[in-house]
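Taken in order, the sequence shown gives residues -19 to -1, 1 to 114; the numbers are from mature numbering (1 follows the signal peptide of the UniProt record, and there is no 0). Backbone N, C-alpha and C fix where the C-beta goes; we use that ideal spot for every residue, glycine too. Owing to the predicted nature of the structure, the values given are computational and were not obtained by experimental measurement. Heads up, the thing below is written out as structure tokens.
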Amino acid sequence: MRLFSRVVTAVVLLQQAYGFSPRQVTHFETSPKSRLARRDDDTTGVIGGTFDQLIDHDERSRGTFKQRYWYSLNYANGTNPPVVFISPLDAEAEQVKFWLHDDYVIGGMIARRIGAVMLLFEDRYFGQSSPYQ
């Protein structure tokens, strides 16, 4: 319990040190040029790839599979920007990767506000990120 209290205290202090407050975090402006609002699938600037993911993290001998990911630097500022992770929920990520190029979804609003990289992983067993054919 002490560790939890210390972690919460550290997070609150870091938020204050970096200028974040609950009021700031809850006031996002949406862009009038939002691609999602226009239902545009423009993915300019969205970069994709795969990495070798363990099938079983407890039994490395079971091998790996290719897990897909996409990221966007559209809102990234500085040489070491934060990362906003977006999950496609239970869907093929290919269908929602345009979220990385849009500030209408909450992840885009946050990334634009804090100058972050946006990152999207395709969930295991969805799309082409399945350990089994």
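{"Query": "Sheet register partners of residue 52 (DSSP bridge)", "Result": "28 and 100"}
{"Query": "Contact check, residue 87 vs residue 52, beta carbons under 9 Å", "Result": "no"}
{"Query": "Cβ neighbour criterion (16 or more within 10 Å) applied to residue 43", "Result": "exposed"}
{"Query": "With 16 other Cβ atoms within 10 Å as the buried cut-off, status of residue 65", "Result": "buried"}
{"Query": "Under the three-state DSSP convention, the category residue 67 falls into", "Result": "strand"}
{"Query": "Residue from 55, 102, 103 and 59 whose Cα sits closest to the Cα of residue 89", "Result": "55"}
{"Query": "For residue 92 and residue 57, the rounded distance between their alpha carbons", "Result": "7 Å"}
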